[in-house]
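Taking it in order: structure first as structure tokens, then the write-up.
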Ligand code: AMP
């Protein structure tokens with residue numbers, strides 16, 4: 430069983446990004462880039478399925494600029510077997526990525542596609558759902574437990590106030606939530622080993638996909654600044670203030 434894992438190159442989660450002065454977006458020049466954290470969880474899950482003898486091959490795929498190769502190398506270091514870069518300098522929006530992934534899915538015929546639930550840069554939470562719809566596949570989003578048996582996969586999903594368990598026929602699309610697993614620490618030997626694993630590059634035109642952006646960002650702005658707080662001398666004053674300012678007490 431093959432597993433396809435789409436991984437996105439995003440600004441590192443520990444970087445505090447700044448909005449550009451012309452409000453056209455955030456400044457990502459000379460900023461550390463990493464694999465989207467939910468995609469690390471997706472690669473880890475796929476590799477665990479391979480280590481458990483359920484999967485035979487894990488293929489990582491990234492769509493974007495040439496530097497996405499670094500992200501793919503990280504996926505290979507975690508344990509993916511090979512990688513595909515769909516190279517484009519266009520801004521790739523979720524619909525375009527879903528179409529590219531559908532095309533890769535048709536070429537590779539995996540039984541499972543495991544994506545992150547959302548990319549931390551655009552927070553779209555759309556690509557997995559769009560891919561499942563375009564490819565006519567069952568989907569289970571926000572997975573916190575994945576079990577493959579026979580021709581089906583059972584997925585526990587995080588939903589408001591609890592968990593829901595779904596059984597899906599393979600092939601299927603899954604998106605990962607935070608609690609699915611804790612990705613392993615990538616060791617130096619595995620980084621060295623990953624350098625020898627193959628990365629194939631293709632272009633959107635070869636996959637027959639028009640990636641022209643459909644959405645236009647009109648404006649990006651910082652959240653409003655919090656107004657300064659007040660220090661009160663004691664609890665009595667605090668309670669009086671709260672009584673005066675809210676209707677809760
Ligand atoms: P989004 O819908 O943008 O929040 O992204 C959800 C998931 O889709 C990510 O966690 C990735 O698994 C996948 N994805 C999004 N954009 C890309 C991309 N450019 N290349 C590969 N995978 C992507």
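In this note's numbering, the protein residues as written are 430 to 678. C-beta atoms are modelled at their ideal positions from N, C-alpha and C, and glycine is treated no differently.
Worksheet item: Rounded to whole angstroms, how far is the Cβ of residue 651 from the Cβ of residue 448, which I believe are closer than 8 Å?
Response: 5 Å
Practice prompt. Please classify residue 557: does DSSP put it in a helix, a strand, or coil?
Written response: helix
Worksheet entry | Option nearest residue 450 by Cα separation, candidates 649, 521 and 660 | 649
Worksheet item: In its own chain, which residues sit with a C-beta less than 7 Å from the C-beta of residue 555, not counting the 5 before and 5 after it?
Response: 523
Worksheet entry | Those residues which DSSP pairs with residue 511 across a bridge | 488
Discussion item. Within 10 Å of its beta-carbon, does residue 506 have 16 or more other beta-carbons around it, so buried, or fewer, so exposed?
Written reply: buried
Worksheet entry | Complete runs of the beta strand (DSSP E) confined to the stretch 598-672 [at least 3 residues] | 601-605 and 628-631
Practice prompt. For residue 444, collect the residues of the same chain with a Cβ closer than 8 Å to its Cβ; drop the 5 residues on either side in sequence, then sort them by chain order.
Written response: 460 and 461
Discussion item. DSSP has residue 435 in a bridge; who is on the other side?
Written reply: 490
Item to complete: Please indicate yes or no: does the CB of residue 704 lie closer than 7 Å to some heavy atom of ligand 1?
Response: Summary: the structure shown does not reach residue 704, with the chain confined to residues 430 through 678, and so no result is reported for it.
Item to complete: Return the bridge partner residues of residue 570 from the DSSP annotation.
Response: In the DSSP output, where bridge partners are listed per residue, residue 570 has none listed.
Worksheet item: By a C-beta neighbour count over all protein chains shown, 10 Å radius and 16 as the cutoff for buried, is residue 495 buried or exposed?
Response: The residue in question, residue 495, is exposed, as its Cβ has fewer than 16 Cβ neighbours within 10 Å.
Item to complete: Sort 432, 434, 463 and 430 by Cα distance to residue 440 and report the nearest one.
Response: 463
Discussion item. Taking only three categories from DSSP, how would you classify residue 576?
Written reply: Note: residue 576 maps to strand in three-state DSSP.
Fill in: Heavy atom of ligand 1 within 7 Å of residue 600 beta-carbon
no
Discussion item. Tell me which residue opens and which closes the beta strand (DSSP E) that residue 587 is part of.
Written reply: 581-588
Worksheet item: Is it a yes or a no for the stretch 539-548 touching the stretch 655-675, going by three-plus beta-carbon pairs under 8 Å?
Response: Note that the stretch 539-548 does not touch the stretch 655-675; fewer than 3 beta-carbon pairs, one per stretch, sit closer than 8 Å.
Worksheet item: Which term fits residue 456, buried or exposed, when burial requires 16 or more other beta carbons within 10 angstroms of its beta carbon?
Response: Around the beta carbon of residue 456, fewer than 16 other beta carbons lie within 10 angstroms, which makes this residue exposed.
Practice prompt. Assess, as a yes-or-no matter, whether the stretch 525-532 is touched by the stretch 468-488 under the definition of 3 or more beta carbon pairs within less than 8 Å.
Written response: They do not touch, by the three-pair rule.
Worksheet item: Can you find at least 3 beta carbon pairs, one from the stretch 487-501 and one from the stretch 596-611, that sit closer than 8 Å?
Response: The stretch 487-501 vs the stretch 596-611: no contact.
Practice prompt. Give me the Cα-Cα distance between residue 433 and residue 490, rounded to the nearest whole angstrom.
Written response: In a straight line, the C-alpha of residue 433 is about 7 Å away from that of residue 490.
Fill in: Local conformation of residue 500 per DSSP, three classes
helix
Discussion item. By the DSSP assignment, the beta strand (DSSP E) with residue 463 in it spans what residues?
Written reply: 462-464
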